[in-house]
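K.L.:
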Amino acid sequence: MPSVFIKTYGCQMNERDSEAVAAQLVAKGYTLAPTEAVADVVLLNTCSVRDFAEKKAIGKMQNLAADVRKNRPNVVLGFMGCMAQSRGQELIDKLPDVDLVLGTQKFHHAADYLDEILAGRRDKIVDVAEERGSEATIREHLLYGNADRNGDGHRPPLQVTAYVSIMQGCNQRCTFCIVPDTRGEERSRGIADIVAECRQLVAQGVKEITLLGQIVTSYGKRGFGRAELPLGQDAQQRVPTKEKSPFVQLLDAVHEIEGLERIRFTSPHPKGYGDDLIEAYARLPKLVESAHLPVQSGSDRVLKLMHRGYTRERFLGLVKKLRRVRPDIGITTDIIVGFPGETEDDFEQTLSLAREVEFDNAYLFKYSPRRDTPAAEMPDQVPLKIREERNHRLLDTINEIGRRKYDAFVGRRTQILVEGPSRKNPARMTGRTRCNKIVVFEGSERHRGQLLDVKITRAGSFTLYGDPAILGED
Ligand code: 5AD
0 MPSVFIKTYG CQMNERDSEA VAAQLVAKGY TLAPTEAVAD VVLLNTCSVR
50 DFAEKKAIGK MQNLAADVRK NRPNVVLGFM GCMAQSRGQE LIDKLPDVDL
100 VLGTQKFHHA ADYLDEILAG RRDKIVDVAE ERGSEATIRE HLLYGNADRN
150 GDGHRPPLQV TAYVSIMQGC NQRCTFCIVP DTRGEERSRG IADIVAECRQ
200 LVAQGVKEIT LLGQIVTSYG KRGFGRAELP LGQDAQQRVP TKEKSPFVQL
250 LDAVHEIEGL ERIRFTSPHP KGYGDDLIEA YARLPKLVES AHLPVQSGSD
300 RVLKLMHRGY TRERFLGLVK KLRRVRPDIG ITTDIIVGFP GETEDDFEQT
350 LSLAREVEFD NAYLFKYSPR RDTPAAEMPD QVPLKIREER NHRLLDTINE
400 IGRRKYDAFV GRRTQILVEG PSRKNPARMT GRTRCNKIVV FEGSERHRGQ
450 LLDVKITRAG SFTLYGDPAI LGED
């Protein structure tokens, strides 16, 4: 059977889509190649959020194509995901060695299309159409890695944590963002369907689930996809009510799963944090004290131009409310620097917001004009040099705050969920605190999947080092 290598760019949703495609292919008999150099099929799962991400994937494909043309002409090359969706046929016109272009509503067709190409029945396939019900097709998992096919279900899985896709698309239309075009309209899976997938994962040994979507706080707001209706009794019983948003109803339902230890979710929209969600943090112990709150800017003027739907004050109010119910909550964010029209004064408001909130970490993005987005046409585009300079200054601030926040953990005891060997040093194990900080410690495979109390001995750059705490010792 052929082997496949999937390289993923971009966000956790993309990681999840790649995993589902890999699992579908493994179920069909494919093996997972350890590197692209020995694979029969190489798929690049792409990101369009910034021009840089697109350039990287195109550069990678150019290199692959050159190698394949010269040395391994039978290898199948494909683009999938966001850039495949937004560029379609154009990608094959530009890179004629590419055989497959698979859009974001078509991941579940990967195996069939590859079969056809490998069997020589079809030459090139481009499928970037909309597909009703596709939001419910990202469901297969690869808990046992390459050995999945032979998995007997009794060994502890390699994955202690799993991602579950709950919705697709975004209707928010922030003026900088290409995602509504690449991911389409918001479509949500039904609660019963999601819970069934979570239950199955937990039955296989998964301890932590991260609910995923482009804008999870909008989950179910536009009703549920038609594909869910046959399964929908449960979904129908849980008719969204005014007091409890569908997302909080989903959290309640997942929380009931016995054996599940922790629930996370990403990405929410700050605007979607109603009081019912804040109250859920107080009410649901499995919902860990961690929130990724993409603020984008600290200036009201820029937030308005971005079409974010909240003010600086409202964002600060939200942080305050969350800290009131969970004082130890870890808060991370996304920030765009150099949005069109951003002045030095606007930027300083972002710096001051970062200091005021004291984010545990922040992902910084230099503004990148995207096709067919309103911001790309706005006046006063900020020169690259200034975007870079602001990015640098903000990064210094974020690092300084992070250092302080991480240092404050030294000497404290905290619970971690052990995920597996550290990537940097496989002789060590890593886990995460409930507030989503990585902890590296001297441990062994037997710790995998355990909830472990550790004492933090040292803080590195956005990493903590710990010792498994011995009972009674302080
Ligand atoms: N330029 C720069 N950053 C962007 N993001 C989204 N669109 C753009 C863009 N055009 C960032 C936002 C978002 C994160 C995933 O990517 O901060 O939260």
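For the sequence shown, position 410 matches number 409 in numbering that gives the first Met the number 0, and the numbering has no gaps at all. All C-beta atoms, glycine included, are put in the ideal place defined by N, C-alpha and C.
1) By DSSP, does D299 sit in helix, in strand, or in coil?
2) Taking all protein chains shown into account, decide if V247 is buried (16 or more other Cβ within 10 angstroms of its Cβ) or exposed.
3) Tell me the DSSP bridge mates of I124?
4) Near G273, which residues of its chain fall below 7 Å by C-beta distance, leaving aside the five closest residues on each side in sequence?
5) Return the chain-ordered list of same chain residues with a C-beta closer than 7 Å to the C-beta of K454, the five sequence neighbours on each side being excluded.
6) Within the continuous alpha helix (DSSP H) that includes V324, where are the two ends?
7) Does the beta carbon of F358 fall short of 8 Å from some heavy atom of the ligand COA?
8) If you compare alpha carbons, which of L42, V37 and G87 is closest to T7?
9) State the Cα-Cα distance for the pair N435 and H291, rounded to the nearest angstrom.
10) Any heavy atom of the ligand 5AD closer than 8 Å to the beta-carbon of Y362?
11) Does the beta carbon of I334 fall short of 8 Å from some heavy atom of the ligand 5AD?
12) Return the Cβ separation of A161 and V205 in integer angstroms, given the expectation that the two are a contact with Cβ distance under 8 Å.
13) Just reading off the beta strand (DSSP E) that V41 is part of, what are its end residues?
14) How far does the alpha helix (DSSP H) with Q348 in it reach, from first residue to last?
15) Any chance the CB of K365 is under 8 Å from a heavy atom of the ligand 5AD?
16) Per DSSP, G329 forms a beta bridge with which residues?
17) Would you mind sorting G219 into buried or exposed? The rule is 16 or more other CB atoms within 10 Å of its CB.
18) Three or more C-beta pairs under 8 Å: does that hold for the segment 325–333 against the segment 301–309?
19) Quick one: is N70 buried, meaning 16 or more other Cβ sit within 10 Å of its Cβ, or exposed?
20) Would you check if there are 3 or more beta carbon pairs closer than 8 Å linking the segment 114–128 to the segment 379–387?
21) Going by the C-beta, is Q295 closer than 8 Å to any heavy atom of the ligand 5AD?
22) Of the residues L317, L286, E14 and Q380, which one's Cα is nearest the Cα of G340?
23) Between R198, G119 and E312, which lies nearest to T349 when the distance is taken from Cα to Cα?
24) Let me check understanding here. Comparing Cα to Cα, which of L317, R457, V439 and G430 lies closest to R402?
25) Between C10 and the ligand 5AD, is the CB less than 8 Å from at least one heavy atom?
26) Return the Cβ separation of C173 and M305 in integer angstroms, given the expectation that the two are a contact with Cβ distance under 8 Å.
27) Go through the segment 372–447 residue by residue and report every complete run of the beta strand (DSSP E) that reaches 3 residues or more, in order.
28) If you run the structure through DSSP and keep just helix, strand and coil, what is D50?
29) So, with DSSP's three-state summary, where would you put M12?
30) Which same chain residues, not among the five before or five after G442, have their C-beta less than 6 Å away from its C-beta?
31) Give a single yes or no on whether S266 has its beta carbon closer than 8 Å to a heavy atom of the ligand 5AD.
32) Just to check my reading of the structure: I262 and L276 have Cβ atoms closer than 8 Å, yes? What is that Cβ distance to the nearest angstrom?
33) Label P179 either buried or exposed according to how many other C-beta atoms from any shown protein chain fall within 10 Å of its C-beta, with 16 as the threshold for buried.
34) Keeping to the same chain, check which residues put their C-beta closer than 6 Å to that of Q84; ignore five residues upstream and five downstream.
35) Buried or exposed: which applies to S460, given that a residue is buried once 16 or more other Cβ atoms fall within 10 Å of its Cβ?
36) Buried or exposed for R131, please, with buried defined as at least 16 other CB atoms from any protein chain shown within 10 angstroms of its CB.
P.N.:
This is what the structure gives:
1) Stepping through the sequence shown from its first residue, residue 299 is reached at position 300. D299: helix per DSSP, three-state reduction.
2) As a first step, residue 247 must be located in the sequence shown, where it is residue number 248. Classification for V247: buried.
3) Residue mapping note: residue 124 aligns to position 125 of the sequence shown, counting from 1. As computed with DSSP, I124 is found in a beta bridge with L99.
4) Position 274 of the sequence shown, counted from the start, is the residue given in the question as residue 273. Hits under 7 Å: S244.
5) Position 455 of the sequence shown holds residue 454. Same-chain partners within the cutoff: R412, G465, D466 and A468.
6) Residue mapping note: residue 324 aligns to position 325 of the sequence shown, counting from 1. Start and end: R311 to V324.
7) Because the ligand COA does not appear in the structure shown, any question about it cannot be addressed here, the ligands present being the ligand 5AD.
8) Against the sequence shown, residue 7 aligns to sequence position 8. Comparing Cα positions, the closest option is L42.
9) Against the sequence shown, residue 435 aligns to sequence position 436. Against the sequence shown, residue 291 aligns to sequence position 292. Computed Cα separation, rounded: 10 Å.
10) Position 363 of the sequence shown, counted from the start, is the residue given in the question as residue 362. Closer than 8 Å to some heavy atom of the ligand 5AD: that describes the Cβ of Y362.
11) One-based indexing of the sequence shown puts residue 334 at position 335. Distance from the C-beta of I334 to the nearest heavy atom of the ligand 5AD is below 8 Å.
12) As a first step, residue 161 must be located in the sequence shown, where it is residue number 162. As a first step, residue 205 must be located in the sequence shown, where it is residue number 206. Confirmed, about 5 Å.
13) Residue 41 sits at position 42 when you count from the first residue of the sequence shown. First-last of the beta strand (DSSP E) with V41: V40 to T45.
14) Residue 348 sits at position 349 when you count from the first residue of the sequence shown. For Q348, the enclosing alpha helix (DSSP H) starts and ends at E343 to V356.
15) Translated into the one-based positions of the sequence shown, residue 365 becomes position 366. For the ligand 5AD, at least one heavy atom lies less than 8 Å from the Cβ of K365.
16) On the sequence shown, position 330 is the one that residue 329 refers to. G329 pairs with S289.
17) One-based indexing of the sequence shown puts residue 219 at position 220. By the C-beta density criterion, G219 is buried, having at least 16 other C-beta atoms within 10 angstroms.
18) The segment 325–333 vs the segment 301–309: no contact.
19) Taking the first residue of the sequence shown as position 1, residue 70 is located at position 71. Looking at its Cβ environment, which holds fewer than 16 other Cβ atoms inside 10 Å, N70 is exposed.
20) Taking 8 Å as the limit for Cβ pairs, the verdict is that the segment 379–387 does not touch the segment 114–128.
21) Stepping through the sequence shown from its first residue, residue 295 is reached at position 296. Judged by the Cβ position, Q295 qualifies as a neighbour of the ligand 5AD at the 8 Å threshold, a heavy atom of the ligand being closer than this.
22) The residue labelled residue 340 in the question sits at position 341 within the sequence shown. Q380 is the residue among L317, L286, E14 and Q380 whose C-alpha sits nearest the C-alpha of G340.
23) In the sequence shown, the residue the question calls residue 349 occupies position 350. If we check each option's Cα against that of T349, E312 comes out closest.
24) Position 403 of the sequence shown, counting from 1, holds the residue named residue 402. Nearest C-alpha to R402: R457.
25) Position 11 of the sequence shown holds residue 10. Relative to the ligand 5AD, C10 has its C-beta within less than 8 Å of a heavy atom.
26) The residue given as residue 173 occupies position 174 in the sequence shown. The residue given as residue 305 occupies position 306 in the sequence shown. The pair is a contact, with the Cβ atoms about 5 Å apart (cut-off 8 Å).
27) Runs found: 412–420, 428–432 and 437–440.
28) As a first step, residue 50 must be located in the sequence shown, where it is residue number 51. The answer is helix: DSSP assigns D50 an H, G or I state.
29) As a first step, residue 12 must be located in the sequence shown, where it is residue number 13. If DSSP states are grouped into helix, strand and coil, M12 belongs with the helices.
30) For the purposes of this step, residue 442 is taken as residue 443 along the sequence shown, with counting starting at 1. Once the five neighbours on either side are set aside, the close Cβ partners of G442 are M428.
31) As a first step, residue 266 is located in the sequence shown; it is residue number 267 there, counting from the start. Set against 8 Å, the gap from the CB of S266 to the closest heavy atom of the ligand 5AD is smaller.
32) Indexing the sequence shown from 1 puts residue 262 at position 263. Indexing the sequence shown from 1 puts residue 276 at position 277. About 12 Å; that fails the 8 Å criterion.
33) Numbered from 1 along the sequence shown, position 180 holds the residue referred to as residue 179. Classification for P179: buried.
34) Residue mapping note: residue 84 aligns to position 85 of the sequence shown, counting from 1. Excluding positions up to five away in sequence, the list reads G102, T103, V127 and T181.
35) Taking the sequence shown and counting its residues from 1, one reaches residue 460 at position 461. By the neighbour-count criterion, in which a residue is buried when 16 or more other Cβ atoms sit within 10 angstroms of its Cβ, S460 is exposed.
36) Counting from one through the sequence shown, the residue named residue 131 turns up at place 132. The residue is exposed, with fewer than 16 neighbouring Cβ atoms inside 10 Å.
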